[in-house]
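Undergrad: As given, the protein sequences belong to chains A and B, one line each in that order. Residues in the first sequence are numbered consecutively from 1, following the numbering used here. Residues in the second sequence are numbered consecutively from 1, following the numbering used here. Cβ coordinates follow ideal geometry from the N, Cα and C atoms, glycine included. Input: one structure, supplied below.
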Amino acid sequence: MWYLGRLYVAELRRRLALLRRYALGTAADIVAFYLIFMGIFLSMRSVLGEMRPEELTRLATAQVVGFLAFYFASMVLSFVNNHLREEVEQGTLEQLFVSSRWFIVVLCARLAASFTVDILRFVPLCLLLIVSTGVRIRFPPASALVFVMLLLGVYGFALVLGGFTLLFKRTGQLPFLFQVLFLGFGFSSLSQLPKGLETFMSFLPFARGVTLLKEIAVGGVAEPALNSLSFLQLVGNTAAYVIGGVAFFLWIERLAKQRGLLGRY
Amino acid sequence: MIATRGLTKVYRSGWRRRRRTEAVRSLDLSVERGEIFGLLGPNGAGKTTTVKMICGLVQPTSGSVFLDGHRVGGHSKWPSRLTGAVLEGSRNVYWNLTSWENLLYFARLRGVGEAMARARAEELLGEFALREKTRDAVGTLSRGMQQKLAVCCALVSDPPILLVDEPTLGLDVASARAIREKLRRLAREEKRTILLTTHNMQLAASVCDHVGIIDKGVLVRTGTVSDFVDVLEASSYVIECAGELNEETRRKLDRIPALQLSGENASTEIRLPVGSEESRAAALYEVIDILREGDSQLVSVREAQRSLEDAFVQLTEEHTNVVSG
C-alpha cells in the first residue's frame, strides 16, 4: 500500500506536469466533450419537440449523467491501450518494466492519478453542462459506489484490450468500437432493446452501471438502486471483469516476455 | 554479482511458430562486484537479448540468471531492486518532462522516499554535469546529455548493478568520453558492477576489466583485454626495406613460419608475428641477418600492437568458419 501510494504521487505529479505543459490540449478536450454533448442534447430535444418542464428535466438529467458516465468510462477504457501505445512510441515502456516489479500495479497507480486529474477537469465541464441545459443534477453520495463499480468493471475490460495492445501494438479502432457502444448506452436505455439482446448487453461492462446511475440521478435517492438485484449483478459483473482482466493481462505480459515483444513496435 | 548458467533464448516465428532462431546459446557468464564486463559482438550476436534476459524483460527459454546470488525469474523483485538499465534503441527517459522531473519520477517508481529521491537527483545532476539543464525538457537536450540523464535515471535508486546496452552509440567524441569516464568511476570508486554491451572496441578496450566475445549467440571467449591481445599473438614486428628483395632473400625468408611479405616496387614490408619473449629477439635477428646477407636496404623496424578490434575480427571469423563447417 505504501508503495502504491508513492506510485500514485509519482504518477499524479507527472500527469500534472504534463497537464500544465499542454494546457491548450487540456482546454481543447473539455471544449470537445462539451460540444459533443450539447450537439446530441439539442438534436434530441428538437426531435422530441416541445416537452413539459419536468419531463425535460428528467430527460436532461438522464442524459447528463449518461454522458458523464460515458466520459469517464471512455477515459478508463482507452487508458490502458493509449498508455501502452504512448510508452512504446516514446521508447520508455521497457524502462517501466525494468523499474517496477509489477507493471500492472504501475498501470493501476497511473489510472488512479489520471482519474484524479480527470475529476479536476470534470468540474468545469459539469458546470458548463449544468449552465447550458439548466438542469440541476441530484447526485446522492451513495451513488459514488455504483460509479466506482462501473469504472472498475470497465478497467478490467480495458486490461483485456491493453493485453492485445501489448502483444500486437496496433489494435486499430478496437477501443473506439467499444467507446461508441458506451456512448449508445449513455444516451439510451437497455430496456429499449429486444429481451435477448438486453440480457446479453447487460453483461457488458458499463451497461448495467449506467442504468443504475441514471435511476439514482432521476429518482434523487440511491438506496432503492443499491438494494436491488441489479446492483448485485453489477458487483458480480465488475468482479468478473477485474479478475479476468488482470489474469488476461498477466498472461499476455508473460507471452510478450517469452517472445521478446515488450519494446518492439 | 551477475551470473548466468546455461542461459539460452530461442525465438519462434512464422506460421505455427515453427521457425527457430537461437539468439543466445548456453551462456555462462560471471561478473564480479566492482568489475566492468564488456560483451562484444557484431549486430545480431545476442548482446541485447542477454541484457534483457538479465533484467527480466525477456524470458529465457532455459538456463538461469543470478543477481547477487538471487535467482531471477517470473515477477522476481531482484531485477528492479538490484539493477539499473540503459537500453539501446529506447529513449529510456520521458522527453516531455524535465531532467529533474524524470529523475524524481523514476526514483518514486523504484520506491525511493521523497527526501532521498531529491537528494539523489541533486547529487547525480551535479556528478554528470547536468545541473544547468535541470529545468529543461529532455527533448531539447543534446544526444549526449540525454544519454547521461538515462544513466542518471538508472542510478537514481542507487542499484549495485548497472546494465548498459551500447552506451556510446551515436554520441560525439566528447560525450562518448564523458560516458566512458563516468562508467569507470562508477566501477572503481563506487564498486558498482557494470555489464555493458558494445561493438565499439575502443570503448571496450578503455573501460572493461573483462570482455567476452559473443557471436551468433555463443560466447566465443572471455578474458581481460590484454589476454585477448596476447593469446592472438598480439604483437608483430614490421620491417620495411627499400625496393624489392632478391630471389635468394625471399626464399630464405619464406622458410620462417608465419612471416608475411608484401609490398610494391618502392618498398617491401615484412610482418613477423612474435610469440614468447625468448623467441621474439631470435626471430628478429634471424630476419635481419638474412636481409644483410641479401644486401637489402633496411628502412625501419617497428613493433605493431594488435588491437582488441583485430582480436575481435579474428575470433568472430574463426567462429563463423567453425559454425559453417
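1) If you measure between the beta carbons of Leu-150(A) and Val-64(A), is that distance less than 8 Å?
2) Is Phe-203(A) helix, strand or coil by DSSP?
3) Going by beta carbon distance, what residues of the same chain come within less than 6 Å of Val-242(A), once the five residues before and after it are set aside?
4) Would Phe-106(B) pass as an interface residue toward chain A - the criterion being a Cβ-Cβ separation below 8 Å?
5) Could you check the C-alpha separation between Gln-355(B) and Leu-298(B) for me, to the nearest Å?
6) Based on Cα-Cα distance, which residue from Gly-69(B), Met-53(B), His-70(B) lies nearest to Ser-62(B)?
7) Answer with yes or no whether the minimum CB distance from Asn-92(B) to chain A is below 8 Å.
8) Evaluate contact between the region 152-162 of chain B and the region 98-114 of chain B, counting only Cβ atoms and requiring at least three cross-stretch pairs below 8 Å.
9) Counting contacts by CB-CB distance shorter than 8 Å, is Trp-100(B) in contact with chain A?
10) Does Thr-116(A) come within less than 8 Å of chain B when only Cβ atoms are used?
11) May I ask you to report which of helix, strand or coil DSSP gives Ala-142(A)?
12) Can you tell me whether DSSP reads Phe-248(A) as helix, strand or coil?
13) Is the region 221-228 of chain A in contact with the region 125-136 of chain A, if contact means three or more CB pairs nearer than 8 Å?
14) Please check the pair Gln-202(B) and Ser-175(B), which I expect to be a contact at CB under 8 Å, by giving their CB distance rounded to whole angstroms.
15) So, is the C-beta of Val-9(A) closer than 8 Å to a C-beta in chain B?
16) Would you call the region 113-133 of chain B and the region 76-87 of chain B in contact, with 3 or more CB pairs under 8 Å?
17) If we ignore side chains and look at the alpha-carbon of each, how far apart do Pro-124(A) and Met-75(A) end up?
18) Helix or strand or just coil, what does DSSP make of Pro-124(A)?
19) Taking the alpha-carbon positions, what's the Leu-183(A) to Glu-86(A) distance?
20) Interface residues of chain A around Ala-311(B) at Cβ under 8 Å?
21) Would you kindly check if the distance between the Cβ of Ser-157(B) and the Cβ of Val-86(B) is under 8 Å?
22) What residues of chain A sit near Ser-80(B), judged by a beta carbon separation below 7 Å?
23) Does the distance from the CB of Gly-196(A) to the CB of Asn-81(A) come in under 8 Å?
24) Is Arg-15(A) closer than 8 Å to Ala-113(A) when the C-beta atoms are compared?
25) Cα separation between Val-287(B) and Glu-269(B)?
26) DSSP state of His-210(B), grouped into three classes?
27) Can you list the residues of chain B that Lys-169(A) reaches, using a CB-CB cut of under 7 Å?
28) Have a look at Phe-33(A), Val-98(A), Trp-251(A) and flag the residue whose alpha-carbon is nearest the alpha-carbon of Leu-68(A).
29) Step through the CB atoms of chain B and report whether any lies within less than 8 Å of the CB of Ala-17(A).
30) In whole angstroms, what separates the C-alpha of Gly-73(B) from that of Phe-248(A)?
31) At least one CB of chain B closer than 8 Å to the CB of Gly-244(A): is that the case?
32) Consider the Cβ of Gly-5(A): report whether some Cβ of chain B lies at a distance smaller than 8 Å.
33) Taking DSSP as the reference, what is the three-state secondary structure of Leu-219(B)?
34) Taking the beta carbon of Glu-11(A) as the centre, do at least 16 other beta carbons fall within 10 Å, making it buried, or is it exposed?
35) State yes or no: is the beta carbon of Arg-188(B) nearer than 8 Å to at least one beta carbon in chain A?
36) Given this structure, state the Cα-to-Cα distance separating Leu-174(A) from Phe-164(A), to the nearest angstrom.
TA: Let's see:
1) no
2) coil
3) Leu-152, Gly-156
4) yes
5) Any property of residue 355(B) remains undetermined from this structure, which presents chain B solely from 1 to 325.
6) Met-53(B)
7) yes
8) yes
9) no
10) no
11) coil
12) helix
13) no
14) The Cβ separation is near 14 Å, so there is no contact.
15) yes
16) no
17) 17 Å
18) helix
19) 24 Å
20) Under the 8 Å cutoff, chain A gives no residues; its nearest Cβ is about 30 Å from Ala-311(B).
21) no
22) Val-98, Ser-99, Ser-100, Arg-101
23) no
24) yes
25) 12 Å
26) strand
27) Under the 7 Å cutoff, chain B gives no residues; its nearest Cβ is about 15 Å from Lys-169(A).
28) Phe-33(A)
29) yes
30) 19 Å
31) no
32) no
33) strand
34) buried
35) no
36) 10 Å
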